[in-house]
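Taking it in order: structure first as structure tokens, then the write-up.
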């Protein structure tokens, strides 16, 4: 709730759909995920291509400098419509909450996020030096100077878009 991802549903609000949650653990951190499989069966698929990672990775063979970054908060970057919020309510021991931002576990989240990232970085992707695979960003270059310039460009675009794209997970 502190991150603006969830809102507690008020006692006087009508609730038609609720979903149980699953708690997953990774590196001693818990993540609460709505069990949206039933909802996903009724969801019309968003048709947007997810890159074939093996095709993208062949581009890296010529690179001397590579930076890999993870997008911050991934799917939680984008807000939901009011109708979607009503379908994405979860129940936990202390009440019913609704997602305000796109949660993990819904069918169209990966393709929606890929589309969003491709929209933020169209020139960089067409320049053949940037790979975006959902929430993973890879910058590669043949020279150190061009690499620094490209890295600065991606970070600048991330900060000027409405999305905080880069997390602390960066590898050089």
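In the numbering used here, the protein residues as written are 3 to 174. Glycine included, every Cβ here is placed at the ideal spot set by N, Cα and C.
In terms of residue numbering, what span does the beta strand (DSSP E) encompassing residue 27 cover? Counting along the chain, the beta strand (DSSP E) containing residue 27 begins and ends at 23-28.
Measuring CB to CB, does residue 41 end up less than 8 Å from residue 102? Pairing residue 41 with residue 102 gives a Cβ-Cβ distance that is not under 8 Å.
For residue 188, the first and last residue of its enclosing alpha helix (DSSP H): The chain is shown from 3 up to 174; residue 188 falls before or after that span and cannot be answered.
What do you get for residue 27, buried or exposed, if any count of 16 or more other CB atoms within 10 angstroms of its CB means buried? The residue is exposed, with fewer than 16 neighbouring Cβ atoms inside 10 Å.
Helix, strand or coil for residue 40? Go by DSSP, reduced to three states. DSSP places residue 40 in helix when its eight states are reduced to three.
How is the alpha helix (DSSP H) around residue 111 delimited, first residue to last? For residue 111, the uninterrupted alpha helix (DSSP H) run begins and ends at 111-122, by DSSP.
Give me the Cα-Cα distance between residue 53 and residue 59, rounded to the nearest whole angstrom. Each residue's alpha carbon lies about 10 Å from the other.
Taking 8 Å as the threshold, find out whether the stretch 66-75 comes into contact with the stretch 138-145 through three or more Cβ pairs. The stretch 66-75 vs the stretch 138-145: in contact.
Do residue 156 and residue 127 have their beta-carbon atoms positioned less than 8 Å apart in this structure? In this structure, residue 156 does not lie closer than 8 Å to residue 127 by Cβ.
Measuring only the C-alpha atoms, how far is residue 114 from residue 36? Straight-line measurement puts the Cα of residue 36 at about 18 Å from the Cα of residue 114.
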